[in-house]
Amino acid sequence: MQLLVIGSGGREHALAWKLSLSPHVHKVFVAPGNAGTAHEPGLENVSLTSIPDLIEFAKKEHVTITIVGPEIPLAEGIVDAFHAAGLRIFGPTQQAAQLETSKLFAKDFMRRHQIPTADYASFTDPVLAHQYIDHSAIPLVIKADGLAAGKGVVVAQTHEQAHTAVNAILVEGHLGTAGNEIIIEEFLQGTEVSFIVMTDGRSILPLATSQDHKRLNDGDLGPNTGGMGAYSPAPFVSPDLHARILRDIIYPVVAGMKQDGMNYTGFLYAGLMITPDNQAKVLEFNCRLGDPETQPIMLRLKSDLFELIDHAVNGALDSIDIEWDRRTALGVVMAARGYPDNPRKDDTIHGLFELISQQKDTHDFHVFHSGTRMGGLEDKEFVTAGGRVLCATALGENIKIAQQNAYKLIENIHFKDYHIRRDIGYQAINHLKK
Ligand code: AMP
Ligand code: GLY
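Under my numbering, the residues of the sequence shown are numbered 3 to 436, in order.
Given below as structure tokens:
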């Protein structure tokens with residue numbers, strides 16, 4: 003059978019690659035995909051992005067299930083439109099996706115359903131927001147309500163920074179309508195963990211835990227990015243904490259959405275802060291898989307991903323198990339110089355063809371593409387085409403070896419002035435030393 007994956011990043015490359023390994027799957031279309039998905043056996047790029055075009059394509063090619071990678075099509079209602087056309091698709095409806103698309107919706111939902119999260123207040127009036135800041139202790143976290151491609155959150159270390167953020171979002175409108183309303187939130191200390199599950203609206207299947215590295219530079223310094231690297235599993239999540247996260251956060255979210263008349267199906271990503279007293283609190287929800295978390299998670303997944311998604315779409319997740327490689331997987335993002343603000347583009351990437359031929363014979367490592375395209379002489383070279391370019395991902399017996407293996411992959415790849423973090427996985431390594 004044929005599947006369709008929507009998106010063009012490393013997450014979608016990893017998803018489509020894993021789906022293509024299923025014996026049930028003949029071909030995975032990726033819309034629009036990247037140069038990595040173009041060179042992957044069993045995958046085929048289709049240069050379509052509009053929802054009506056994708057529906058027409060899915061019908062014409064008898065696509066069995068469509069899987070949505072990024073949040074934008076979900077926010078635009080792609081799931082509702084596919085359902086209306088009688089097509090099978092895995093992801094939340096536009097209404098349910100509000101858990102990610104409106105931070106205010108998510109916070110009010112959590113308050114209503116007693117799901118642990120930072121205390122907050124919301125504002126449309128900058129005068130009231132400024133007053134609130136004057137009466138609050140710092141640090142404070144200022145968040146725009148709507149989708150802002152990672153630019154909607156300011157962690158203010160001083161009152162002045164908090165006032166400036168309010169003015170930028172509410173008064174000067176730097177984020178457009180995404181900033182019509184803001185949340186001012188209590189700052190939470192601790193360790194961040196990504197907790198991702200699949201749900202059919204009733205049953206829940208947790209994926210392996212993971213940790214992202216959101217800041218641009220080593221030691222978690224520099225600006226926020228989409229994520230500079232990730233690994234799985236996150237050793238901070240003990241079996242006891244894992245059970246509490248499911249009991250106190252994940253199950254109440256899925257049950258609460260159902261109760262509120264917005265049955266949630268799809269991947270659900272809870273960005274959690276594990277506080278020093280070992281409690282999990284929600285920082286944010288995403289209505290999709292994480293990027294780059296998906297890349298190491300897919301490398302560890304032993305089960306047939308198609309079968310998992312097929313069961314989820316049929317409302318039968320309770321009748322399937324999920325199996326993981328017990329090794330650790332770690333992915334390092336290679337970004338273009340200037341990322342995240344103004345990444346350089348159109349540089350030739352060397353070394354990928356050799357790696358592609360090596361990774362045909364093993365599932366122990368994989369270089370997933372994000373911002374790449376074919377270019378150069380006769381369009382036969384890989385060329386950079388975005389901020390995050392590649393994610394070199396490898397398995398290892400433990401976090402240290404997975405880290406070594408991933409950085410060894412990078413030694414084989416070169417493009418001009420690329421930027422990587424050298425410390426992906428450091429928190430897990432420090433944790434094991436303790
Ligand atoms: P978000 O998009 O809400 O996950 O926020 C982006 C990043 O800001 C998170 O990954 C955290 O590093 C940080 N952050 C958000 N909310 C808080 C908070 N309440 N306390 C501390 N850090 C936060
Ligand atoms: N890696 C964080 C995200 O996908 O939102």
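Every residue, glycine too, gets a C-beta built ideally from N, C-alpha and C.
6 angstroms Cβ shell around residue i - same chain, five flanking residues per side excluded
| i | result |
| --- | --- |
| PHE31 | LEU6, GLU46 and VAL48 |
| GLU63 | GLN4 |
| ILE91 | THR68, VAL81 and PHE84 |
| PHE125 | ALA131 and ILE184 |
| GLN97 | MET264 |
| THR103 | ALA77 and LEU149 |
Residue of the options minimising C-alpha distance to residue i
| i | options | result |
| --- | --- | --- |
| ASN280 | TYR253, ILE247, ARG302 and ALA87 | ILE247 |
| HIS26 | GLY44, PRO34 and VAL155 | GLY44 |
| ASP293 | GLU383, HIS352 and GLY333 | GLY333 |
| ARG249 | ASP55, THR267, HIS368 and ALA282 | ALA282 |
| ASP348 | ARG375, LEU357, VAL369 and LYS362 | ARG375 |
| LEU21 | ASN219, ASP202, ALA60 and GLU309 | GLU309 |
| ALA404 | PRO241, THR386, LEU301 and HIS28 | LEU301 |
| TYR428 | PRO237, ARG113, THR119 and ASN182 | PRO237 |
| SER372 | GLY317, GLY229, LYS362 and LEU274 | GLY229 |
| PHE370 | ALA408, ARG346 and HIS215 | ALA408 |
| HIS28 | SER10, ILE8, VAL65 and GLY12 | VAL65 |
| VAL173 | VAL129, LYS216, LEU209 and SER359 | VAL129 |
Three-state secondary structure (DSSP) of residue i
| i | result |
| --- | --- |
| GLU188 | strand |
| VAL48 | coil |
| PRO294 | coil |
| GLY88 | coil |
| ASN219 | strand |
| VAL239 | coil |
| ALA167 | helix |
| GLU194 | strand |
| TYR271 | strand |
| ASP55 | helix |
| THR119 | strand |
| GLN159 | coil |
| ASN414 | coil |
Neighbourhood of residue i by C-beta distance below 8 angstroms, restricted to the same chain and skipping five residues each side
| i | result |
| --- | --- |
| TYR420 | MET336, ALA337, ALA338, ARG339 and VAL391 |
| ALA180 | ALA146, ASP147, GLY148, LEU149, ALA150 and GLY154 |
| LEU274 | GLU194, VAL195, SER196, PHE197, ILE247, ILE251, ALA282, LYS283, VAL284 and LEU285 |
Near the ligand AMP: residue i beta-carbon under 8 angstroms from a heavy atom
| i | result |
| --- | --- |
| ASN265 | no |
| GLN191 | yes |
| ASN47 | no |
| LYS109 | no |
| ASN407 | no |
| MET112 | no |
| GLY181 | no |
| ASN226 | yes |
| MET275 | yes |
Neighbourhood of residue i by C-beta, 7 angstroms cutoff - its chain only, sequence neighbours within 5 removed
| i | result |
| --- | --- |
| PRO298 | SER212, ALA232, TYR233, SER234, ALA331, LEU332, GLY333 and THR395 |
| HIS115 | PRO254 and GLY258 |
| ALA123 | TYR134 and ILE186 |
| GLY353 | ASN414, ILE415 and HIS416 |
| ILE324 | LEU207, SER305 and LEU310 |
The ligand GLY heavy atom lying under 8 angstroms from the CB of residue i
| i | result |
| --- | --- |
| GLY9 | no |
| SER196 | yes |
| GLY12 | no |
| PRO294 | yes |
| LYS216 | yes |
| GLY229 | yes |
| ALA232 | yes |
| ASN446 | Residue coverage of the chain in this structure runs from 3 to 436, which leaves residue 446 outside it and unanswerable. |
Cutoff 9 angstroms: residue i Cβ touching any chain B Cβ
| i | result |
| --- | --- |
| GLY340 | Considering every chain present, this structure includes no chain B. It has just one protein chain. |
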